[in-house]
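The structure under discussion appears below in the form of structure tokens.
In my numbering, the protein residues as written are 3 to 231.
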């Protein structure tokens, strides 16, 4: 059994403090800063022809860096590959090629169908409030061990801030506890508030830690520190 198949997302979620995912990484240097600063998840865009699409060689180097960090006991960071409406075959091929731990599906995919084929844990993007029932279902069943919901904008990476008040009210009034990642418009200045919202067990950022379209080491470190303190 490969290592990815043994990853229990519910155990990761139950770590002390909010999870932090730094996404859209395209350089080893940015990944090193994220890992050294305490990021739990490092994300790479595996969708072709996007402004943050990762180079295959860089992707493999980032995965090797994360796995070496786990081996030497420098935290427990996992590598996330982000896909959008790609075939199961393509997702499996790339996730194996890049040695990805967790597959993030950011389109209209049936996450269970992809999980059964790929056999790696899933982060699935959902839209609020359209997909609240689906998120509740995952959180209240054994599916929580293999799928972690993420609320984000439809496209992702746009810097669009979600409706925190409505999401908070839904989470507080849900019949059973819900747990999800939150993305969309997060920055070092607002992530502390975002990570304390009801239901939020982790935060996901890309553009909010960039300057002029490039990952900013200072912003990455500040974001992680602000989320976790």
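Backbone N, C-alpha and C fix where the C-beta goes; we use that ideal spot for every residue, glycine too.
Source: prediction; values computed, not measured.
Note to self: So, with DSSP's three-state summary, where would you put residue 117?
What the structure shows: For the purposes of this step, residue 117 is taken as residue 115 along the chain shown, with counting starting at 1. Looking at residue 117 - three-state DSSP - the assignment turns out to be helix.
Checklist line | Inter-residue CB distance, residue 116 and residue 95 (contact presumed, cutoff 8 Å) | finding: As a working note, residue 116 is residue 114 in the chain shown. As a working note, residue 95 is residue 93 in the chain shown. Not a contact, Cβ separation roughly 13 Å.
Check: Using the C-alpha atoms, what's the distance from residue 120 back to residue 229?
Finding: The residue labelled residue 229 in the question sits at position 227 within the chain shown. The residue labelled residue 120 in the question sits at position 118 within the chain shown. Approximately 31 Å between the Cα atoms of the pair.
Item checked: Pairwise C-alpha distance: residue 80 and residue 184 -> By one-based count along the chain shown, residue 184 stands at place 182. By one-based count along the chain shown, residue 80 stands at place 78. Those two C-alpha atoms are separated by around 17 Å.
Notebook entry, point to check: Taking the alpha-carbon positions, what's the residue 232 to residue 175 distance?
Noted result: The structure shown does not extend to residue 232, since the chain is modelled only from 3 to 231, so the question has no answer here.
Next item on the list: Inspect the beta-carbon positions of residue 215 and residue 23 and report whether they are closer than 9 Å.
Entry: As a first step, residue 215 must be located in the chain shown, where it is residue number 213. As a first step, residue 23 must be located in the chain shown, where it is residue number 21. No, the Cβ-Cβ distance between residue 215 and residue 23 is not below 9 Å.
Note to self: In whole angstroms, give me the CA-to-CA distance for residue 82 and residue 106.
What the structure shows: On the chain shown, residue 82 is found 80 positions in, with the first residue counted as 1. On the chain shown, residue 106 is found 104 positions in, with the first residue counted as 1. One C-alpha to the other measures close to 6 Å.
Next item on the list: Locate the beta strand (DSSP E) running through residue 106, then write down its first and last residues.
Entry: The residue you call residue 106 lines up with position 104 of the chain shown. Unbroken beta strand (DSSP E) run through residue 106: 104-107.
Margin query: Spatial neighbours of residue 19 within its chain, please: C-beta separation below 7 Å, excluding the five flanking residues on both sides.
Written below: The residue you call residue 19 lines up with position 17 of the chain shown. Only 230 meet the Cβ criterion.
Check: If you draw a straight line from the alpha carbon of residue 8 to that of residue 72, how long is it in whole angstroms?
Finding: Against the chain shown, residue 8 aligns to sequence position 6. Against the chain shown, residue 72 aligns to sequence position 70. Roughly 15 Å between the two C-alpha positions.
Next item on the list: Given a cut-off of 9 Å, decide if residue 66 and residue 217 are closer than it, judged by their beta-carbon atoms.
Entry: By one-based count along the chain shown, residue 217 stands at place 215. By one-based count along the chain shown, residue 66 stands at place 64. Going by C-beta atoms, residue 217 is not nearer than 9 Å to residue 66.
Margin query: Assuming residue 59 is part of the beta strand (DSSP E), what are its boundary residues?
Written below: On the chain shown, residue 59 is found 57 positions in, with the first residue counted as 1. Unbroken run through residue 59 is the alpha helix (DSSP H), 58-73; no beta strand (DSSP E).
Check: What residue ranges within the stretch 169-231 form continuous alpha helix (DSSP H) runs of no fewer than 4 residues, ordered along the chain?
Finding: 193-197 and 219-230
Check: Mind checking residue 150: buried by the 16 CB within 10 Å criterion, or exposed?
Finding: Counting from one through the chain shown, the residue named residue 150 turns up at place 148. Buried, since its Cβ has 16 or more Cβ neighbours within 10 Å.
Next item on the list: Starting from residue 23, follow the beta strand (DSSP E) in both directions and report where the run begins and ends.
Entry: Walking along the chain shown from the start, residue 23 turns up at place 21. Unbroken beta strand (DSSP E) run through residue 23: 21-24.
Next item on the list: Check whether the Cβ atoms of residue 142 and residue 193 lie closer than 9 Å to each other.
Entry: For the purposes of this step, residue 142 is taken as the residue at position 140 of the chain shown. For the purposes of this step, residue 193 is taken as the residue at position 191 of the chain shown. Not closer than 9 Å, so no.
Check: By Cβ distance, which residues of its chain are closer than 6 Å to residue 36, with the 5 residues on each side in sequence left out?
Finding: Here residue 36 is taken as the residue at index 34 of the chain shown, counted from 1. Answer for residue 36: 24, 44 and 222, listed in chain order.
Check: Nearest to residue 17 by alpha carbon, out of 41, 178 and 224?
Finding: Reading the chain shown from its first residue, position 15 is the one you call residue 17. The candidate whose alpha carbon is nearest that of residue 17 is 41.
Next item on the list: Spatial neighbours of residue 93 within its chain, please: CB distance less than 7 Å, with the 5 preceding and 5 following residues excluded, ordered by chain position.
Entry: Your numbering for residue 93 matches position 91 in the chain shown. So the qualifying residues of the chain are 85, 105, 116 and 120.
Next item on the list: Kindly indicate which residue of 130, 138, 59 and 118 has the alpha-carbon position closest to the one of residue 101.
Entry: Residue numbering aside, residue 101 sits at position 99 when the chain shown is read from its first letter. Minimum Cα distance to residue 101 is reached at 59.
Notebook entry, point to check: Can you round the beta-carbon distance between residue 64 and residue 27 to whole angstroms, since I take them to be within the 8 Å contact cut?
Noted result: Taking the chain shown and counting its residues from 1, one reaches residue 64 at position 62. Taking the chain shown and counting its residues from 1, one reaches residue 27 at position 25. The Cβ separation is near 6 Å, so the contact holds.
Note to self: Under DSSP, the alpha helix (DSSP H) around residue 47 begins and ends at which residues?
What the structure shows: Your numbering for residue 47 matches position 45 in the chain shown. Element bounds for residue 47: not the alpha helix (DSSP H) but the beta strand (DSSP E), 43-47.
Note to self: Using C-beta distances below 7 Å, list every residue in its chain close to residue 12, excluding the 5 sequence neighbours before and after it, in chain order.
What the structure shows: Translated into the one-based positions of the chain shown, residue 12 becomes position 10. Only 146 and 147 meet the Cβ criterion.
Margin query: As a quick exercise: from 220, 182 and 213, pick the residue whose alpha carbon is nearest that of residue 287.
Written below: The chain is shown only over 3 to 231; residue 287 falls outside these bounds and no answer can be derived.
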